[in-house]
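Asks: Add 40 to a position in the sequence shown, counting from 1, and you land on the number used in UniProt numbering.
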Amino acid sequence: ADKKVKEWKYAVCGYCSTGCSLEVGVNEQGRPVATRGVDDGKVNTGKLCIKGIFEHELSESSGRGVQPLMRDRIFDDYKPVEWDEALDKTAAEFKRIQDKYGRDSVAIVSTGQLMTEEFYTLGKLVRGCIGTNNYDGNTTLCMASAVSGYKRSFGSDGPPGCYDDFEHTDCLMAFGSNLPEQHPIIYWRLKEAMEKRDFPLIVVDPRVTMFAQFADIHLPITPGTDLVLLNAIAHVILKEGLQDQDYIDAHCNDFEQMKDVVDKYDPTTAAKICGIDEDMIRHVARIYGRANSAMSIWTMGINQSTHGSDGVCAINNLNLITGNIGKPGGTSLSITGQCNAMGTREWSACSGLPGYRMLEKEKDRKEVAEFWNVDADFFPPKVGLKETDIFPAIESGQIKALWIVATNPMTSMPNLPRIRKTLENLEFMVVQDGYRDAETTEYAHVYLPGAVWGEKDGVLTNTERRVNLANKFVEPPGNSKPDLWIFNELAKRWDVSQQMKFPAAASDVFDEMKQLSKGDGRTLHIAGMSHKLIEQQRGIQWPMKEGEETGTQRLYSDGHFQTPNGKANLMALDYIENNEVPCEQFPFWMNSGRVVEHFHTRTKTGKLGNLNKYSPTPYMEINPDAAEQLGIRSMDYVRLVSRRGDAVVMAQLTHRVPRNMVFIPFHFHDCVNHLSLGLLDPHSRQPAFKQFSVKIEKV
Ligand code: SF4
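What follows is the structure, given as structure tokens:
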């Protein structure tokens, strides 16, 4: 009432993947002035975290782009231009470079920030018009290992579980997830479930995170050794006969091969590698193995690793051998990062084709080509470069032009000193972003100002496959435009687009996606949904086929998986130590993560006073004993140095980290990624952001 709200507009939060339902209050003048949670009875029951509460402030945040910009050379001054000039230039440069160097001399890196309808349209433009193989999302930095692990174990991406599993599980084990800070509303829901039914919470994390402090058991493993721990837990379960052999026999491939490898990881051997007590491994295995239902959740501690994909498969192994997939309270649930990381996985065609179709499958290529009215031979028959391989390809001269959409690699990529030099090698770069001041824009020739959350319509998919609607409640500032409009206008500059359809309204794009989601034998059905129904039901979980009244809570409840024989794959996974471990010269493990006030590279949250004042500066957590040895006091500034670069941060003394580890939040520019190495997982190509070594110098 104080803020004179005239109308409340329904939306889903545009920050993390929890997918909280909210309403934005708009006043008489059409200005967003307040945000409140919606008690949807599904995700957040009216609650919001600190980011959600201040989300309406986004529309007036500083640093927005309001006009397209162009320049001939990077580091010259940008000139404001009209949209036609900027779009003509972008299309002409891409065509010139493809004519001269070949179709795959260009690359596109997208994001988990767009609306799903925008992803779909971008995918159509990239695959159907530009025709390059090198199209990926920034999800390679956060979720690629989960995607890869799900595909290897179950034959398809798609988290099988849901939040409702908290209300049914008898044991929850979390790997590398600091839920209370990263996904506070999910944590709240878990906490309420635990208060009703006292089930054990086990947190595996090298650091004593907030989540670890709330746990019944905390396993502070040596960084990067989660695969060993998981194999050892499986070892104990199998040795003590705690597995669900009926489920394994009926629904799993390759049990004997997995068992042979797991056999080597007895608790005594594993304890030495993981740095935890062997009896604790046995204890945890017995709790998990004996629970009627048990679930595992994980976030970046598993994914951002040189064996992230194997770690995900090992979690899936654990749940398969105990029969904990597709049943209430029994699941492998990857807690996603960005608000629409799931949407890009599902529909963007990055690293594949829409609806989890695969470039490698001729049937899938033909199906999509026919639907889009393009030649199937135009689609590349295999996956192209991932984001982490695109930058080395620029360095080697293979990629000459780059289009960055709503992501900020100049802060988010590992080893920034190298990335900075790499970008200077490009003949042409275009950045499309809501924020003119995102660091990556400094390296572009053309800047296209996009609209952000609240300034356009579309759906987002959350961690539990819930598709929810984010309505427009305010106009984009100046001459900035919704990304869907930008993609459609660019498509017009390729002749082939004349024979394709590029609908202008998000709801029409959604209807097109619905048609493409039909077909037997596939999981990703949305044909039963519509924008209207999604808003009425406050989000719907896919699959939802035509004629069904609501969505589906769990996948694989019938024990049928997306593999050729319908059985899940148990994976034989050996551990190889391959990180940059601490040594005499660089004696500390470097660990990184999120804080609750900020989202990713702070392009949004760094502008919002109420968030920024709680977390304004980069800091380092250091153990007081280690600090004393180095003569470092609380709030001293120190220089962290790695083999790649250095960063100055403030010291915070805390027993959250062991003596040989420091931790810093990853959000800040020229900070952790000036130091990080970014060794890649061989399956997912995701970087190991959390396992490398540094030394500390006083400044
Ligand atoms: Fe938004 Fe995530 Fe906070 Fe919910 S928990 S309000 S989705 S940032």
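A virtual CB, placed ideally from N, CA and C, is assigned to each residue, including glycine.
Between which residues of its own chain and Phe-639 is the CB-CB distance below 8 Å, once the five residues before and five after are set aside?
Replies: Cβ within range, chain order: Tyr-55, Cys-56, Lys-91, Thr-645 and His-707.
Asks: Would you call Arg-405 buried or exposed, if buried means 16 or more other Cβ atoms sit within 10 Å of its Cβ?
Replies: By the neighbour-count rule (16 or more Cβ atoms within 10 Å), Arg-405 is buried.
Asks: For Met-183, count the other beta carbons within 10 Å of its own beta carbon; 16 or more makes it buried, fewer makes it exposed. Which is it?
Replies: Buried, since its Cβ has 16 or more Cβ neighbours within 10 Å.
Asks: Would you mind giving the Cβ-Cβ distance between Gly-59 and Leu-500, rounded to the nearest angstrom? I have them listed as a contact below 8 Å.
Replies: Confirmed, about 7 Å.
Asks: Met-690: which of Val-697, Met-675, Leu-680 and Val-681 sits nearest, CA to CA?
Replies: The shortest C-alpha separation from Met-690 is found at Met-675.
Asks: So the alpha helix (DSSP H) Phe-550 belongs to, where does it begin and stop?
Replies: Here the alpha helix (DSSP H) through Phe-550 covers 546 to 557.
Asks: From Met-320 to Ile-257, what distance separates their C-alpha atoms?
Replies: Between Met-320 and Ile-257, the C-alpha separation is close to 9 Å.
Asks: Within 8 Å of any Cβ in chain D, is that where the Cβ of Asp-197 sits?
Replies: The structure shown contains no chain D, having only a single protein chain.
Asks: Who are Arg-397's beta bridge partners in DSSP?
Replies: According to DSSP, which records beta bridges pairwise, Arg-397 is partnered with Leu-393.
Asks: Would you grab the beta carbon distance between Asn-271 and Tyr-305 for me? Rounded to a whole angstrom, and I think it's under 8 Å.
Replies: Contact holds; Cβ gap of about 4 Å.
Asks: Are Arg-397 and Glu-386 close, meaning C-beta to C-beta below 8 Å?
Replies: Not closer than 8 Å, so no.
Asks: Starting from the C-beta of Ala-41, find all residues in its chain whose C-beta is less than 8 Å away, skip the five residues before and the five after it, and write them out in chain order.
Replies: Because Ala-41 sits at a pLDDT of 49, beneath the cut-off of 50, its placement in the model cannot be relied upon, and the following sentence gives the value as read from the coordinates. Excluding residues within five positions, none has a Cβ falling inside 8 Å.
Asks: Cα separation between Ser-150 and Asp-176?
Replies: Roughly 6 Å between the two C-alpha positions.
Asks: Which one of Cys-53, Ser-61 and Pro-72 has the shortest CA to CA distance from Lys-44?
Replies: Comparing Cα positions, the closest option is Pro-72.
Asks: Please identify the residue among Gly-591, Gln-138, Met-335 and Gly-498 whose C-alpha is closest to the C-alpha of Ile-439.
Replies: Of the candidates Gly-591, Gln-138, Met-335 and Gly-498, the one whose C-alpha sits nearest the C-alpha of Ile-439 is Gln-138.
Asks: Could you tell me if the beta carbon of Gly-591 falls within a distance shorter than 7 Å of some heavy atom in the ligand SF4?
Replies: The answer is no for Gly-591.
Asks: Looking only at its own chain, which residues have a Cβ that is under 8 Å from the Cβ of Pro-627, when we skip the five neighbours before and after it?
Replies: Around Pro-627: Asn-700, Ser-733 and Lys-735.
Asks: In the structure shown, what three-state DSSP assignment does Ser-388 receive?
Replies: Three-state result, Ser-388: coil.
Asks: Taking 7 Å as the cut-off, is the beta-carbon of His-347 closer than that to any non-hydrogen atom of the ligand SF4?
Replies: Checking every heavy atom of the ligand SF4 against the Cβ of His-347, none is found closer than 7 Å.
Asks: Using only the alpha-carbon positions, how far apart do Gly-366 and Ala-567 sit?
Replies: If you take the alpha carbons of Gly-366 and Ala-567, they lie about 22 Å apart.
Asks: Ser-61 and Gly-383: beta carbons closer than 8 Å?
Replies: No, Cβ-Cβ distance for Ser-61 and Gly-383 is not below 8 Å.
Asks: Give the DSSP bridge partners of Tyr-175, in chain order.
Replies: The partner list for Tyr-175 (beta bridge, DSSP) reads Ile-148.
Asks: Could you check if Cys-314 belongs to the surroundings of the ligand SF4, using beta carbon to heavy atom distance under 7 Å?
Replies: Incorrect: Cys-314 has no Cβ contact closer than 7 Å to the ligand SF4.
Asks: In the DSSP assignment, what residue or residues form a beta bridge with Asp-473?
Replies: Bridge partners of Asp-473: Pro-489.
Asks: Given a threshold of 16 other Cβ atoms within 10 Å of its Cβ, counted over all protein chains shown, does Ser-336 qualify as buried or as exposed?
Replies: With 16 or more other Cβ atoms within 10 Å, it is buried.
Asks: Rounded to the nearest angstrom, how far is the Cβ of Gly-152 from that of Thr-179, given a contact under 8 Å?
Replies: Contact flag correct, Cβ pair sits at about 5 Å.
Asks: Hey, would you say the C-beta of His-223 is under 7 Å away from at least one heavy atom of the ligand SF4?
Replies: Yes, Cβ of His-223 sits closer than 7 Å to a heavy atom of the ligand SF4.
Asks: Going along the chain, which residues of its own chain have a beta-carbon closer than 6 Å to the beta-carbon of Trp-123, five neighbours each way excluded?
Replies: Only Pro-108 meet the Cβ criterion.
Asks: Compare the Cα-Cα distances from Phe-206 to each of Gly-649, Leu-373, His-565 and Phe-419 and report the closest residue.
Replies: Of Gly-649, Leu-373, His-565 and Phe-419, the residue nearest in Cα terms is Leu-373.
Asks: Please classify Val-187 as buried or exposed, where buried requires at least 16 neighbouring CB atoms within 10 angstroms.
Replies: Answer is buried; the Cβ neighbour count reaches 16.
Asks: Assuming Val-52 contacts Leu-509 (C-beta within less than 8 Å), just tell me the rounded distance between them.
Replies: Yes, Val-52 and Leu-509 are in contact; Cβ-Cβ is about 6 Å, under 8 Å.
Asks: Whole angstroms are fine: how far does the CA of Leu-717 sit from the CA of Met-660?
Replies: For Met-660 and Leu-717, the distance between alpha carbons rounds to 18 Å.
Asks: Sorry if obvious, but does the Cβ on Leu-88 come closer than 7 Å to a heavy atom of the ligand SF4?
Replies: Correct: Leu-88 has its Cβ closer than 7 Å to the ligand SF4.
Asks: Return the chain-ordered list of same chain residues with a C-beta closer than 7 Å to the C-beta of Val-302, the five sequence neighbours on each side being excluded.
Replies: For Val-302, where only same-chain residues beyond five positions count, the Cβ hits under 7 Å are Asn-271, Ala-274, His-275 and Leu-278.
Asks: Whole angstroms are fine: how far does the CA of Gln-378 sit from the CA of Leu-98?
Replies: Approximately 17 Å, taken between the alpha carbons.
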